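Novice: Under the UniProt record's numbering, think of the first position of the sequence shown as 1, with each following residue one higher.
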Amino acid sequence: MTMGRKLATTCGSKFSAFREGNKVDRTEIEANIRRLNDQLAEIIEEKNFVLGQTGRHVPGHVAREYEATIKRLEKELAEWRQLLAREEEKSR
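(1) Kindly give me the distance between the Cβ atoms of L36 and L84, rounded to whole angstroms, as I take these residues to be in contact under 8 Å.
(2) Pop quiz: I70 and I33 are said to be a contact at Cβ under 8 Å. What is the actual Cβ separation, rounded to whole angstroms?
(3) Compare the beta carbon distance of residue 175 and L51 with 7 Å and say whether it is the shorter of the two.
(4) Can you tell which of V24, E30, N48 has the C-alpha that lies nearest to the C-alpha of R81?
(5) Considering Cα atoms alone, identify which of P59, K47, E28 is closest to E67.
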């Protein structure tokens with residue numbers, strides 16, 4: 001589970017910086033979207049592997065932690081996609 005915890009914290013600070021008024025260019029937005037997509041896929045794969053193991057009990061809190069991490073990444077991904085859509089609207 002340590003991998004999931006590390007992955008979940010990498011892009012949040014960049015979006016927070018944007019909220020504070022710092023300018024973020026389109027390439028950085030797209031890079032963050034790609035990074036979040038990769039992280040989300042990796043977390044889902046890890047979750048499926050860990051929870052799919054037969055003969056091994058996994059505590060319920062582990063599944064809840066995975067779900068919380070996945071929801072947080074999906075929310076952050078949606079925010080970055082909205083930001084990209086706004087940037088595309090501005091450039092038209």
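Every residue gets a Cβ at the ideal spot worked out from N, C-alpha and C, and that includes glycine. In this text, all values refer to a predicted model and were calculated from it rather than measured experimentally.
Specialist: Let me lay it out:
(1) Contact doesn't hold; Cβ gap of about 12 Å is too wide.
(2) Distance from I70 to I33 at the Cβ level is roughly 16 Å; contact not present, criterion being Cβ atoms closer than 8 Å.
(3) No answer is possible for residue 175: the residues shown for the chain start at 1 and end at 92.
(4) The residue with the shortest Cα to Cα distance from R81 is E30.
(5) Comparing Cα positions, the closest option is K47.
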